[in-house]
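Trainee:
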Amino acid sequence: SSDLRYFVLDTFKDSPISASFLQNLQTDFNTVRKAGVKLIIRFSYVNTPNTGNCGNWICPPFGDAPKNIVLQHITQLKPYFQANADVIAAVQMGFIGVWGEQCYTDFFGDLSAPPYTLNETNWTDRAEVLDSILSAVPVDLFVQVRCPQMKQKDIYGANAPTNSAALLLNEAFLGANKARIGFHNDCLLADYNDYGTYNDFSIGNADTLNLKFYKADDSKYVIVGGETCDSTGLWSLCDSQGGFAVHEMNRMHYTYLNADYNNFKVNNHWTNVCMDEIKKRLGYRLYLVSGQYSNAAAHGDHLSYSLNIINEGFSSPVNKRNLKLILKNVATDETWEANLDHDIRYLFQGSHNLTGQICIPACMPAGQYSLHLKLSDPAITLEDRPEYSIRLANTDIWDSTFGYNNLGHHINITASNNVCSNDAEFVSINKWKGPDNAMWNASHMYWSQERIPTECDEVYVQDGKTVIIPSGYQATAKKITLINNSFIRILDDGQLKVLNQQDSD
770 SSDLRYFVLD TFKDSPISAS FLQNLQTDFN TVRKAGVKLI IRFSYVNTPN TGNCGNWICP
830 PFGDAPKNIV LQHITQLKPY FQANADVIAA VQMGFIGVWG EQCYTDFFGD LSAPPYTLNE
890 TNWTDRAEVL DSILSAVPVD LFVQVRCPQM KQKDIYGANA PTNSAALLLN EAFLGANKAR
950 IGFHNDCLLA DYNDYGTYND FSIGNADTLN LKFYKADDSK YVIVGGETCD STGLWSLCDS
1010 QGGFAVHEMN RMHYTYLNAD YNNFKVNNHW TNVCMDEIKK RLGYRLYLVS GQYSNAAAHG
1070 DHLSYSLNII NEGFSSPVNK RNLKLILKNV ATDETWEANL DHDIRYLFQG SHNLTGQICI
1130 PACMPAGQYS LHLKLSDPAI TLEDRPEYSI RLANTDIWDS TFGYNNLGHH INITASNNVC
1190 SNDAEFVSIN KWKGPDNAMW NASHMYWSQE RIPTECDEVY VQDGKTVIIP SGYQATAKKI
1250 TLINNSFIRI LDDGQLKVLN QQDSD
């Protein structure tokens, strides 16, 4: 699950962010990582607007910060974005204006007063802030903008028209800025224009004909969320009541909706009408319709699979995921896994058939294995945590201990003299769970597979630990990954053999 988190920089409008604030920021990330959630984050300089007597409900001065300060702060925040990417679901553009919504601002063009437009300089300044955020945030993460025209102006320039081209399938998820900018609509279902969300701010008029179609096409490949802000009109009603709630979330591919803001009024509309459908369909809803798998395979043979999956959600799983087949030995519980060559970000609404073959390596013990599907977080820090894995919508298949979806199938593995060539194959992931400064071969209980690694194992040493290979001992592994400042120390005459390459100290 994800939480929306505001960080208010109201005491740093003319100075760097303090060390104590940054330390507290890191504490927040540590807390959510421990809790098993992710954050959608936004930074702003003012969340309590000035009411004044200007005749509008929000009056200048608005209280945000100038561009040079904003850019300085983004530079300070970059290391925290990078270090905590594993628990960030998305970063909202923020920074500009009241609430970070880019409307009521002292420095970037005020959209609250006539002529309700932005000039070329305003667009260029805003794009500079957005580009700075995109550079600071890891390339696999989305940055959300409040209004769709902001994305057009950033990608195509300050004079880009409202009929600028949306993101295409062959551009999606490839890491370019065009593929990384998503949307958050904080006045969803307010009216036909969502209180200016679909305005052409170069002329000050609504342009839903172009901008809604643009967002509907573009949003298929990016993260979309937001909140409602008014519930007095027809637009916020369920479709069966004459409204557009489900229609609009489906059309714009919504991944999440703020469950806190304006929830009471909307709940009155949706409860016992379309609330259950909205809850189920926000984001992805993957359901395994059927599957076909090999019943038996010998060493060097292939396990064939065919997965028929339907996505009933409004969007695809827009953030990157691992997709793995898991074989679990029925007698010993030893597990073997294989990465499948399918990117589930392309599992858009509708049916999908995933097929392939995985080779059975010669070192896999013969026996009966149960088959499972794992859709885990790609971050090494989270890939083994069930709360970050995708649970399919099927009943009675979820393994909450390991984050697996049980496919209800067994395969019999038999011995042979055949070996895998260059095909994808199952591997054993053997992670060090022993103490720091312990011997590689001291105890089989120090390893996650509860046996000392062989040439079949991908070995992970994590949490800053040091594993020692003693004098006169040869350690073997298929692959070694050192995580979080960990080390392998090889004593005199000790040896480490990895993928048939032998190194010694």
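Residue numbers (my numbering): 770 to 1274.
Glycine is no exception: its CB is placed at the ideal position from the N, C-alpha and C atoms.
Small disclaimer: the values here were computed from a predicted structure and weren't measured.
Once you ignore the five residues that flank alanine 927 on each side, which residues in its own chain have a CB closer than 6 Å to its CB?
Mentor: Here the set comprises Glu889, Trp892 and Thr893.
Trainee: If we call anything under 8 Å between Cβ atoms a contact, is aspartate 1008 one with cysteine 1043?
Mentor: Cβ atoms of aspartate 1008 and cysteine 1043: closer than 8 Å.
Trainee: Hey, out of Tyr849, Ala1148, Phe877 and Thr817, whose CA is closest to glutamate 897's CA?
Mentor: Phe877
Trainee: Check whether the Cβ atoms of asparagine 946 and isoleucine 972 sit closer than 8 Å, and answer yes or no.
Mentor: Not a contact, by the Cβ cut-off of 8 Å.
Trainee: In the DSSP assignment, find the unbroken beta strand (DSSP E) run with asparagine 1253 in it and report its ends.
Mentor: Neither: asparagine 1253 is in no beta strand (DSSP E) and is coded neither H nor E.
Trainee: Roughly how many angstroms lie between the CA atoms of alanine 859 and proline 1086, to the nearest whole one?
Mentor: 13 Å
Trainee: Please report the residue range of the beta strand (DSSP E) in which alanine 896 lies.
Mentor: Alanine 896 -> not in any beta strand (DSSP E); alpha helix (DSSP H) instead, spanning 889 to 905.
Trainee: Give a yes or no on whether the C-beta atoms belonging to phenylalanine 970 and glutamate 1106 are separated by under 8 Å.
Mentor: no
Trainee: Would you kindly check if the distance between the Cβ of leucine 936 and the Cβ of alanine 948 is under 8 Å?
Mentor: yes
Trainee: Using a threshold of 8 Å, state whether the C-beta atoms of threonine 1076 and leucine 1051 are closer than that.
Mentor: Contrary to the premise, residue 1076 reads as leucine rather than threonine in this sequence. No, they are not a contact pair.
Trainee: Give me whichever residues DSSP pairs with asparagine 1091 in a beta bridge.
Mentor: Per DSSP, none; premise fails for asparagine 1091.
Trainee: Using DSSP with H/G/I as helix, E/B as strand and the rest coil, what is asparagine 1108?
Mentor: strand
Trainee: Isoleucine 924 by DSSP, collapsed to three states: which one?
Mentor: helix
Trainee: DSSP on asparagine 819, reduced to helix/strand/coil?
Mentor: coil
Trainee: Relative to the C-alpha of glutamine 1231, which residue among Pro1239, His1213, Leu880 and Ile1198 is closest?
Mentor: Closest option to glutamine 1231, Cα to Cα, is Ile1198.
Trainee: Excluding the five sequence neighbours on either side, which residues of its own chain have a C-beta within less than 6 Å of the C-beta of leucine 1003, listed in chain order?
Mentor: Gly1011 and Gly1012
Trainee: Within this structure, are the beta carbons of glutamine 1290 and histidine 953 separated by less than 8 Å?
Mentor: With the chain represented from 770 up to 1274, any question about residue 1290 goes unanswered, as that position is not in the structure.
Trainee: Can you list the beta strand (DSSP E) stretches of 3 or more residues lying completely in the segment 934 to 984, in chain order?
Mentor: 950 to 957
Trainee: Assuming tyrosine 990 and phenylalanine 942 form a contact by the criterion Cβ under 8 Å, report the distance between their Cβ atoms to the nearest whole angstrom.
Mentor: 7 Å
Trainee: Run through DSSP, which three-state label would aspartate 1226 get?
Mentor: Per DSSP, reduced to three states, the secondary structure at aspartate 1226 is strand.
Trainee: According to DSSP, what are the bridge partners of phenylalanine 776?
Mentor: Phe812
Trainee: If I measure Cβ to Cβ from lysine 1248 and keep anything under 6 Å in the same chain, skipping five residues before and after, which residues do I get?
Mentor: Glu1227
Trainee: In whole angstroms, give me the CA-to-CA distance for aspartate 783 and asparagine 819.
Mentor: So the alpha carbons of these two residues sit roughly 19 Å apart.
Trainee: How would you call threonine 780, buried or exposed, if buried means at least 16 neighbouring beta carbons within 10 angstroms?
Mentor: exposed
Trainee: Excluding sequence positions up to five away, which residues of its chain have a Cβ less than 8 Å from the Cβ of serine 1273?
Mentor: At serine 1273, the pLDDT of 40 sits below 50, so the modelled position is not reliable and the matter cannot be decided from this model.
Trainee: By DSSP, does alanine 1207 sit in helix, in strand, or in coil?
Mentor: DSSP places alanine 1207 in strand when its eight states are reduced to three.
Trainee: Can you look up tyrosine 1115 in the DSSP assignment and give me helix, strand or coil?
Mentor: If DSSP states are grouped into helix, strand and coil, tyrosine 1115 belongs with the helices.
Trainee: Does the structure place the segment 1131 to 1151 close enough to the segment 1234 to 1243 that three or more beta carbon pairs sit under 8 Å?
Mentor: no
Trainee: Would you call the segment 1123 to 1138 in contact with the segment 1064 to 1082, where contact means no fewer than 3 C-beta pairs closer than 8 Å?
Mentor: yes
Trainee: Output the distance between the C-alpha atoms of lysine 1200 and alanine 1162, rounded to the nearest integer angstrom.
Mentor: 30 Å
Trainee: Report the rounded CA-to-CA distance for cysteine 828 versus threonine 800, giving the unit in angstroms.
Mentor: 37 Å
Trainee: Can you check which of these residues, Ala834, Val914, Asp855 and Lys847, is closest to aspartate 1277 by C-alpha distance?
Mentor: Residue 1277 cannot be examined here, being either before or after the span of the chain that is shown, 770 to 1274.
Trainee: If you draw a straight line from the alpha carbon of glutamine 1118 to that of proline 1222, how long is it in whole angstroms?
Mentor: 42 Å
Trainee: Pick out the complete beta strand (DSSP E) segments inside the segment 1026 to 1072, 3 residues or longer, and give them in chain order.
Mentor: Segments of the beta strand (DSSP E) lying fully in the segment 1026 to 1072: 1055 to 1062 and 1065 to 1067.
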